[in-house]
Structure formats: C-alpha cells, structure tokens
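Following my numbering, the numbering of the sequence shown begins with 250 at its first residue and continues without gaps.
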Amino acid sequence: MGKGGYGTIGFWEEWYQEEDHCEKFDWLLEYEEIGAALEFCLGWNHDSNILITGCGNSMLSSELFALGYRNLISIDNCPGVVSAQRLRYPMLNWEIRDVRATGLADNTFDFILDKGCLDNLYCYLSPEENVKKYMRECARLLRPGGRFFLVSCHDAETTAKSLNICSDLWIFACQTFPNPRWPRIQIEHYQLALCQLILPQTNSTIDEEKGKNLAFFLKEAISRLSSHQDEDHNKNESLDTPIHLLRHSSTPPIPARVQHLEYRSSGLRHSSLIIDGSSANNSSSSISERVTDEMKQKKYP
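Dropping the structure here:
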C-alpha cells in the first residue's frame, strides 16, 4: 500500500472507474508544452523502438503516433486505464506491465520516455528500492546508445540521485526548467533529463566527451521550449544558462536557481548539485503527492 494511495494499483483502478476520470489527460505537461524538446531528442527516425512507461490516460503515445512513430509500446500496471486506451486508440500497442519488471527482452528500445512514472514510484512504500528496480530495468531494456528521456516534478537533487543509480551503465544530463502551468499548479520547476546507455568497455575520455555532447544536446532541446514559457514567470530566469559539467565533488558557487550537474570522480559517473537550497528539503514522496492532488483538483474539482 502506497503513501496517500497513489502508490497502489487499487487506488488507480478505483480512480479510473469513476465517471470521466478515464478521459484523455496529461498529469504533468501536455504535448504542446514538452513536444518541441521531445521531438528534438527523438529525431526523425520513425523506425525507432520507443517505450512509454506509466502511460496512464496521457495523449503522449497518440501524439507521437500522429507524427509518424509507429514502433511504440505504452505500458501501465493499471488494467482499467490500459483497456480504456485500447478502446480509444486501437491502432497503438497498450500493455499491462510492471515498469519495475516488464518481462520485455533485453536491449529492445532506442528510447524510453517517462513523464511522471518515476515520480509516482516515490509514492510507493520503500520508494528508493522501487526506484532502483525501475532505473535498472530501463537500462536493461535500452540498446547500447539508447536514450532515456525523463520529465519529473521533483527537485534536481532527487532527480540526479535517481539517475545516478545506473551511473555504471549510462551518462546523463539534467536541467531545471520553469513550469508553464505556474501558478495553476504550485510546482515552480520541472526537471528534464536525458540519459544515454554506454558500452561497458568504453574508455573514460570518450565517455566524458559524450557526456558534454549530451548535456549541450539537452540544452538545445530545452531552448526549443522557450516560446511556450510564461514571460512573467521567466523574467528573472534564462533557459540558455549553460549546463555545468563538473569533475569533482566540491560545492560550486550558488546561483539563483538549481542548475545542472554532472561530474566524474574516481572513474565513476556522478551527479552533483548547484542549488539554491529551497527545493532540496522537500521529501520526494510529498512532492509527488502534492502534484497529484493539485492536478486532481484542477481536472476534477
């Protein structure tokens, strides 16, 4: 049984059975708010194999299908919402699977897309153990060079800690960007992260160069969201702030907002924080639960 009920299949089954609750709805960001960055990361190879984890009643899968991506598998552990999505979009592949142990073959996917699935795992009992299983499962499913695209409502510290579980398997970049739904949804920022699976035998020099490339690739992806941001909310913030790549664990100068974080120490990949101190003190589970509560109130007053 999960905290607040959000970490249980039973909660979501009951939720989706209520009138109108299974309508199309995106809990974090709608496609028009994140699509430009996602399309940049995916590129235009429509033959890519793509897995969408914790799909829920989101329209993300159908939006990608409309753009020409055909090799999509969307999974959720809630039978009710999967059945609803199958009826709504019968041309897509919807499957009931546990994201922590999918049963899918190794090295199957070029991309894995997560928009809120990781956040929900922090509502489970033993969240750290469940997050670890999920991260390892995603790394197992990716092909060498494959990428994991994450949108999270958590702070930079929590996001980096989650992704760092697989620091022996992938490199990653992460950056904070303003919530375009502010102040309707009282979470000021989201994290957008991009991970790339590496070959075990790759030497550290090549890995470090790939890490830099990945970081600036993510920076370019986020810059494409600028036209969708609220001007008032961003008047003191800039999406083109460089993503920092650090080589050591010492604390860097503190900027106005959370910024990125990747460094190398003793031959291992790590994530470091540059943070203003305001968001790191929030518990991961409470953030996930608060976002879910606010989205429920907005959609279903």
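Built from N, CA and C at the ideal position, the CB exists for glycine as well.
When Glu281, Gly292, Ala405, Gly284 are compared, the shortest CA-CA separation from Arg396 is found for Gly292. Cβ neighbours of Asn320 within its own chain (closer than 7 angstroms, five residues either side excluded): Asp296, Ser297, Asn298, Ile299. In the three-state scheme derived from DSSP, where H, G and I count as helix and E and B as strand, Ile420 is classed as strand. Here DSSP, grouped into helix, strand and coil, assigns Val400 to strand. For Thr302, the enclosing beta strand (DSSP E) stretches over residues 299-302. For Cys387, there is no enclosing beta strand (DSSP E); the enclosing alpha helix (DSSP H) has its first and last residue at 376-390. Of the candidates Gly317, Arg389, Thr302, the residue whose Cα lies closest to the Cα of Thr357 is Arg389. Taking the C-beta atoms as reference points, Thr302 is found nearer than 7 angstroms to Asp363.
Residue environment analysis places Gln435 among the exposed positions, since fewer than 16 neighbouring C-beta atoms fall within 10 angstroms of its C-beta. Going by DSSP, Ser411 is part of the alpha helix (DSSP H) stretching over 405-412.
Where Gln440 is concerned, the enclosing beta strand (DSSP E) starts and stops at 438-446.
Excluding five sequence positions before and after Ser411, the CB atoms of its chain that fall closer than 7 angstroms to its own CB belong to Leu367, Val380, Met384, given in chain order. Under DSSP, Ala350 shares a beta bridge with Asp347. Of the residues Ile420, Asp325, His403, the one whose Cα lies closest to the Cα of Leu391 is Ile420. Between Ser401 and Thr408, the CB-CB gap stays under 7 angstroms.
Between Arg346 and Lys382, the CB-CB gap reaches or exceeds 7 angstroms. Judged by DSSP secondary structure, Leu336 falls within the alpha helix (DSSP H) whose first and last residues are 328-337. The beta-bridge partner set that DSSP reports for Leu309 is empty. Collapsing the DSSP output to three states places Asn294 in coil. In the DSSP assignment, Leu316 falls outside any beta strand (DSSP E), carrying neither H nor E.
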